[in-house]
Amino acid sequence: MIWMDSYAKIHALTFSWISCEDDLTDWTDEVLWPLVSHADIGSMLWALSAFVAITSRPPPAGVNPCVYRLACRIIRDKIEQAIEAKLKVAESCP
Numbered sequence: 068m069i070w071m072d073s074y075a076k077i078h079a080l081t082f083s084w085i086s087c088e089d090d091l092t093d094w095t096d097e098v099l100w101p102l103v104s105h106a107d108i109g110s111m112l113w114a115l116s117a118f119v120a121i122t123s124r125p126p127p128a129g130v131n132p133c134v135y136r137l138a139c140r141i142i143r144d145k146i147e148q149a150i151e152a153k154l155k156v157a158e159s160c161p
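Quick note on the numbering used here: the sequence shown kicks off at 68 and runs consecutively.
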């Protein structure tokens, strides 16, 4: 899958730049912005790719593991909320 490879490379590269908790906060915000602004399939796949990138790596040296786990949880929860919202819309359509 070309799009997923591209997303994964972008997330892996930008994740490698994280060196402190503020960087992780900024990264998480950037990852979630498309999902928050317009929860379409593309933004869900973007966030999912970021979730895979963050959960497949240990916390960067300058990030407390608790903050790291919180970022993982926030991304996961936002993806779940977007999916639930889409399912509610689909159920209400005749």
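We put the beta carbon where it would ideally sit given N, CA and C, even for glycine.
What would DSSP say about residue i, mapped onto helix, strand or coil?
i: Gly129; result: coil
i: Ala138; result: helix
Where residue i and residue j are concerned, what is the direct C-alpha to C-alpha distance, given to the nearest angstrom?
i: Phe82; j: Ile121; result: 7 Å
i: Ser104; j: Met111; result: 11 Å
Thinking C-beta only, is residue j closer than 9 Å to residue i?
i: Leu102; j: Lys155; result: no
i: Ile142; j: Ala106; result: no
Length-filtered (3 minimum) beta strand (DSSP E) runs lying within the region 72 to 123: none
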